[in-house]
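Colleague: If you're matching positions, the sequence shown starts at 1 in the working numbering and goes up one per residue.
Just so it is clear, CB atoms sit at the ideal spot from N, CA and C, and this is done for glycine as well.
Sharing a structure, written as structure tokens. Questions coming.
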Amino acid sequence: MNKTIFLMMMSILIYGSGTAKACTIFSCSRGGEVYAAANEDDTTPFNRIWYNPATKARYASVCFGAPDMQIASAMNEHGLFFDYAAANYDLSKLNLTNPYKGDIMWEVLGKCKNVKEAIVILKKYDYISQSQVLLADKEGNSVLINPKGIIEKKGDFQINSNCNMINGKLACRRPEIANEMLSESTQNNINFLKTILDKTHQEGELNTLYSTICDLKRGIIYVYLFHDYNTVYKIDLKAELKKGYRIENLADHFPASFAYESFSKNHALYLKESIFQEMKDKGMESTIDRYIEESRTFPSKNKNLDPALLEVALQLIKYSWNEHNNGSMWDYWFSKPLGYEIKQYKDPKIDAAQRILTYLSAQNNPDIKLQNFIYEILGFINLVQGNNNLARDLYEKAIHNPEQTYNVTLVRGKEILKRMNDLKQ
């Protein structure tokens, strides 16, 4: 099996959650208006939006993120907003002893109405992400949070970016431009903020994939795709949340764009995304039938198909977990402690993922580490379905030879088997 896509997928896993490659994010509260705005810059298109209705335990929210279903940015029904920028802190040099067991910003999004309430939670735990996050509310408050602490806003705006300091100077101009434009003006409206986003967007290998301006008081979000600030998708959060839980492709809300389509078609995940589109148009089962048969019949002509099918199976699991866990990311994938507290449920998406992985596991795969990874994920699926004995067998098979096992599979497999053994005692 071609390993290019898989290695890219694993790199996402290793670097942890909430870390877009480069972003420019800011909040502004002046003239009675309160906004938060951001350029989301990265190399992977196919971004998602998902809506999470309120539950007894959580406030309703909307999330934006990559296909892995990590949250890049979010806003809840009370106008509490956050957005990440990668910062590459060396966590090994910090005395971080009390991490939250999952994604602490996801906890904040669901439980807090404003920055003041959020700080109560944030001060209980160490923030262990390598990113820096801007948190803002409709009252005009905002803070920056990183592993070294919490930085409160001074003045009427605050900027979050991931430019590194080199010899005491920022390595790029994005935050400086945003600071200059905000400092030299008293404006605070959609057109002005859009101008700042335009002036700080990126193009090239690293692109501004989408941009948002959030009206925190009114619960309105203005979205722009691929640094085109002339075409907007307007989200009325209250109205959208009434439609119920769902995941959407961000690009589906915009007219065709040659620039975005060209960028997307050259990406390694394009085939996987094409298969998902076919599932949407023609049905999940028939689409999987077709591609498994194609893989079986023309293996030499479809060296990229099996890796794409693996990505499809993983995406189905991520979608399924997100739906059955109130919109949260797949914590198990990121080896977070909460990820080992596996909830059992039934879902056709899980069944479809199992079918794909069972087919792939039966192929003559010379990459033993990848083969053991597939056994691990099949083990997880069987745990979700309540097939504990089969799950145990698959996990044991996945890690029986540590030298032929990805480290992340070894870590997760050992933890799952330990917990299963503890339950038997």
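1. Mapping the DSSP letters down to three states, classify SER335 as helix, strand or coil.
2. Does DSSP put GLY168 in a helix, a strand or coil?
3. Using the C-alpha atoms, what's the distance from LEU209 back to ASP41?
4. What three-state label does DSSP hand TYR395 in the structure shown?
5. Give a yes or no on whether the C-beta atoms belonging to LEU134 and ILE25 are separated by under 8 Å.
6. Between which two residues does the beta strand (DSSP E) containing TYR224 stretch?
7. Three-state secondary structure (DSSP) at GLN132?
8. Going by CA-CA distance only, name the one from VAL143, ASN162, SER161 and LYS148 that's closest to GLY155.
9. Cα separation between PHE276 and SER183?
10. Please state whether DSSP places ALA251 in a helix, a strand or coil.
11. Kindly indicate the opening and closing residues of the beta strand (DSSP E) around ASP90.
12. Within the 8 Å Cβ cut-off, does THR195 reach chain C?
13. What does DSSP give as the partner residue(s) for TRP321 in the beta ladder?
14. At which residues does the beta strand (DSSP E) containing ILE235 begin and terminate?
15. Answer with buried or exposed for ASN162, where buried requires no fewer than 16 other C-beta atoms within 10 angstroms of its C-beta.
16. Looking at PHE254 and THR231, is the spacing between their C-beta atoms short of 8 Å?
17. What separation, rounded to the nearest whole angstrom, lies between the Cα atoms of SER328 and ALA74?
18. So what's PRO299 in DSSP terms, helix, strand or just coil?
19. Can you tell me whether THR405 is buried or exposed? The criterion is at least 16 other CB atoms within 10 Å of its CB, across all chains shown.
20. Tell me which residue opens and which closes the alpha helix (DSSP H) that SER262 is part of.
21. So, for GLU33: in the same chain, excluding its five sequence neighbours on each side, which residues have a beta-carbon less than 8 Å away from its beta-carbon?
22. Tell me which residue opens and which closes the alpha helix (DSSP H) that MET420 is part of.
23. Please classify GLU273 as buried or exposed, where buried requires at least 16 other C-beta atoms within 10 Å of its C-beta.
24. Go to SER361, then tell me how far its alpha helix (DSSP H) extends in each direction, as first and last residue.
25. Measure the alpha-carbon distance for GLY339 versus GLU285 and round it to whole angstroms.
26. Out of LYS349, TYR51 and GLU180, which one is the CA nearest neighbour of LYS243?
27. Is it a yes or a no for the region 297-314 touching the region 352-365, going by three-plus beta-carbon pairs under 8 Å?
28. So, with DSSP's three-state summary, where would you put LEU209?
29. First and last residue of the alpha helix (DSSP H) that includes MET75?
30. For the candidate residues ASP126, MET105 and GLY65, whose alpha-carbon lies nearest to that of SER92?
31. Apart from the five residues just before and just after ASN421, which ones in its own chain have a Cβ nearer than 6 Å to its Cβ?
32. With DSSP run on the structure shown, which of helix, strand or coil describes SER29?
33. Determine the burial state of ASN95: buried for a count of at least 16 other Cβ atoms within 10 Å of its Cβ, exposed for fewer.
34. Which one or two residues does DSSP pair with GLU293 in a beta bridge?
35. Between the beta-carbon of ALA66 and the beta-carbon of ASN47, is there less than 8 Å?
36. Buried or exposed: which applies to THR97, given that a residue is buried once 16 or more other Cβ atoms fall within 10 Å of its Cβ?
Modeller: Well, looking at it:
1. Translated into the one-based positions of the sequence shown, residue 335 becomes position 335. Reduced to three states, the DSSP call for SER335 is coil.
2. Along the sequence shown, read from residue 1 onward, the residue named residue 168 stands at position 168. With a pLDDT of 44 at GLY168, under the threshold of 50, the modelled position of this residue cannot be trusted; read the value that follows with caution. The answer is coil: DSSP assigns GLY168 none of H, G, I, E or B.
3. Here residue 41 refers to the residue found at position 41 when the sequence shown is read from its first residue. Here residue 209 refers to the residue found at position 209 when the sequence shown is read from its first residue. Computed Cα separation, rounded: 6 Å.
4. On the sequence shown, residue 395 is found 395 positions in, with the first residue counted as 1. Looking at TYR395 - three-state DSSP - the assignment turns out to be helix.
5. Counting from 1 along the sequence shown, the entry for residue 134 is found at position 134. Counting from 1 along the sequence shown, the entry for residue 25 is found at position 25. Yes, the Cβ-Cβ distance between LEU134 and ILE25 is below 8 Å.
6. Working through the sequence shown from its first residue, we reach residue 224 at position 224. Per DSSP, TYR224 belongs to the beta strand (DSSP E) from 220-225.
7. Taking the sequence shown and counting its residues from 1, one reaches residue 132 at position 132. Here GLN132 sits in strand by DSSP.
8. Here the question's residue 155 lines up with position 155 in the sequence shown. Per the Cα distances, VAL143.
9. As a working mapping, residue 276 is identified with position 276 in the sequence shown. As a working mapping, residue 183 is identified with position 183 in the sequence shown. Rounded to whole angstroms, the separation of the alpha carbons of SER183 and PHE276 is 45 Å.
10. On the sequence shown, position 251 is the one that residue 251 refers to. It is helical.
11. Within the sequence shown, residue 90 is the residue found at index 90, counting from 1. For ASP90, no beta strand (DSSP E) run applies, since DSSP gives it neither H nor E.
12. Of the protein chains in the structure, only one exists, and it is not chain C.
13. For this step, residue 321 is matched to residue 321 along the sequence shown. In the DSSP output, where bridge partners are listed per residue, TRP321 has none listed.
14. On the sequence shown, residue 235 is found 235 positions in, with the first residue counted as 1. Counting along the chain, the unbroken beta strand (DSSP E) around ILE235 starts and ends at 233-236.
15. The sequence position of residue 162 within the sequence shown is 162, counting from 1. It is buried - the Cβ of ASN162 has at least 16 other Cβ atoms within 10 Å.
16. Within the sequence shown, numbered from 1, the residue matching residue 231 stands at position 231. Within the sequence shown, numbered from 1, the residue matching residue 254 stands at position 254. Contact check for THR231 against PHE254 passes: the beta carbons are separated by less than 8 Å.
17. To locate residue 328, count along the sequence shown from 1; it is residue 328. To locate residue 74, count along the sequence shown from 1; it is residue 74. SER328 and ALA74: Cα-Cα distance of roughly 12 Å.
18. Residue 299 sits at position 299 when you count from the first residue of the sequence shown. Three-state result, PRO299: helix.
19. Reading the sequence shown from its first residue, position 405 is the one you call residue 405. Result: buried.
20. Along the sequence shown, read from residue 1 onward, the residue named residue 262 stands at position 262. Run containing SER262: 258-265, per the alpha helix (DSSP H) assignment.
21. Stepping through the sequence shown from its first residue, residue 33 is reached at position 33. Result list for GLU33: ASN188, ASN189, ASP215 and LYS217, in chain order.
22. The sequence position of residue 420 within the sequence shown is 420, counting from 1. Its alpha helix (DSSP H) spans residues 407-424.
23. To locate residue 273, count along the sequence shown from 1; it is residue 273. Result: buried.
24. The count along the sequence shown starts at 1 and reaches residue 361 at position 361. 348-361 is the span of the alpha helix (DSSP H), which, as asked, contains SER361.
25. On the sequence shown, position 339 is the one that residue 339 refers to. On the sequence shown, position 285 is the one that residue 285 refers to. For GLY339 and GLU285, the distance between alpha carbons rounds to 28 Å.
26. Sequence index remark: in the sequence shown, residue 243 carries index 243 (1-based). When only C-alpha atoms are compared, the closest one is TYR51.
27. yes
28. As a first step, residue 209 is located in the sequence shown; it is residue number 209 there, counting from the start. Strand at LEU209.
29. Mapped onto the sequence shown, residue 75 falls at position 75. From DSSP, MET75 is part of no alpha helix (DSSP H) but of the beta strand (DSSP E) over 71-76.
30. In the sequence shown, residue 92 corresponds to position 92, counting from 1. The candidate whose alpha carbon is nearest that of SER92 is ASP126.
31. As a working note, residue 421 is residue 421 in the sequence shown. Closer than 6 Å at Cβ, skipping near neighbours: no residue.
32. Translated into the one-based positions of the sequence shown, residue 29 becomes position 29. It is a strand residue.
33. Position 95 of the sequence shown holds residue 95. Exposed, by the Cβ-count rule.
34. Residue mapping note: residue 293 aligns to position 293 of the sequence shown, counting from 1. DSSP, once it has assigned bridges, lists no residue as partnering GLU293.
35. Taking the sequence shown and counting its residues from 1, one reaches residue 66 at position 66. Taking the sequence shown and counting its residues from 1, one reaches residue 47 at position 47. Against a cut-off of 8 Å, the Cβ pair of ASN47 and ALA66 comes out as a contact.
36. In the sequence shown, the residue the question calls residue 97 occupies position 97. Burial call: exposed.
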